[in-house]
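Note that the numbering used here numbers the sequence shown so that position 54 is 60, with each residue one more than the last.
All C-beta atoms, glycine included, are put in the ideal place defined by N, C-alpha and C.
Here's the structure we're looking at; comments come further down.
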Amino acid sequence: MSFTGKQGWYKAVFWCRQALACAVLLAVLWASVADSDGMRQHELMHFLVALHRLTGWEVDKIVHGIMYCIVCGAFWIALPPKLWRWSSPWWAFLFASVWGLLMEILQGVMWQLDLGTRSFDVMDIVANLMGAGCTAVCAMGVMHLWRRVRGNTLKEQIFLCESDG
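Have a look at this one:
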């Protein structure tokens with residue numbers, strides 16, 4: 007595989023986006039099955055506790071929303087730009103939702119087998135859906151803005167200037 011020339015640059019960027027998406031999925035997998043007691047001492051918890059006091063939401067649900075916001079975004083940017091259609095953010099949302107459901111099922115199985123400290127929680131799934139949904143909606147907005155900016159080509163600018171007078 008050669009990364010020379012313009013085509014090679016696109017391939018290199020594509021594979022970097024793929025690697026980022028895989029890293030995010032592995033990080034979420036680790037966070038889903040790791041012992042939750044050690045995570046409570048991290049510096050990020052101070053921010054999350056402040057957010058909890060501000061909103062009243064549980065810290066765990068905030069974390070789930072943020073994680074699946076990132077999962078959905080990582081999957082969306084991992085798609086080749088040729089597939090960036092209006093439906094692509096919703097495919098990313100679907101993928102993130104299925105991944106979140108699988109992680110919750112994995113947690114439930116590990117809890118039943120006494121292999122982990124996490125358990126199945128329907129509200130975690132709701133938080134996952136909300137986080138992924140926020141990203142999908144934002145991605146739709148980005149796509150809309152991108153098309154508006156990109157749609158104003160030189161040909162259209164010349165046509166608009168000619169029609170003015």
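Going by beta carbon distance, what residues of the same chain come within less than 8 Å of residue 135, once the five residues before and after it are set aside?
Result list for residue 135: 74, 103 and 106, in chain order.
Using the Cα positions of residue 78 and residue 18, report the straight-line distance between them to the nearest angstrom.
About 22 Å.
With a Cβ-Cβ cutoff of 8 Å, do residue 39 and residue 147 count as a contact?
It is not a contact, given that the beta carbons lie outside the stated cut-off.
So, residue 81 versus residue 27, is the Cβ gap smaller than 8 Å?
Their beta carbons are under 8 Å apart, which means residue 81 touches residue 27 by this criterion.
Quick one: residues in its chain with C-beta nearer than 6 Å to the C-beta of residue 67, no 5 flanking neighbours on either side, listed in chain order?
Counting only Cβ-Cβ distances below 6 Å, and skipping sequence neighbours, we find 133.
Please classify residue 84: is it buried, with 16 or more other beta-carbons within 10 angstroms of its beta-carbon, or exposed?
Buried, by the Cβ-count rule.
When the Cα atoms are used, what is the spatial distance from residue 22 to residue 131?
Rounded to whole angstroms, residue 22 to residue 131 spans 29 Å at the Cα level.
Going straight from the alpha carbon of residue 162 to that of residue 152, what length do you get?
Note on residue 162: pLDDT 48, under 50, position unreliable in the model; the coordinate value appears next. Near 16 Å, if we compare the C-alpha coordinates of residue 152 and residue 162.
Return the first residue and the last residue of the alpha helix (DSSP H) that residue 103 is part of.
From DSSP, the alpha helix (DSSP H) with residue 103 extends over 94-118.
Is the Cβ-Cβ distance between residue 137 and residue 70 less than 8 Å?
Yes.
Please state whether DSSP places residue 141 in a helix, a strand or coil.
Looking at residue 141 - three-state DSSP - the assignment turns out to be helix.
Suppose contacts are defined by Cβ-Cβ distances below 8 Å. Is residue 142 in contact with residue 95 by that definition?
Yes, the pair counts as a contact, with Cβ atoms nearer than the cut-off.
Using three-state DSSP, classify residue 126 as helix, strand or coil.
Note: residue 126 maps to coil in three-state DSSP.
Is residue 40 helix, strand or coil when you go by DSSP?
The answer is coil: DSSP assigns residue 40 none of H, G, I, E or B.
From residue 32 to residue 150, what distance separates their C-alpha atoms?
Approximately 30 Å between the Cα atoms of the pair.
Among 127, 145 and 144, which residue has its Cα nearest to the Cα of residue 64?
Ranking the options by Cα distance to residue 64, first place goes to 127.
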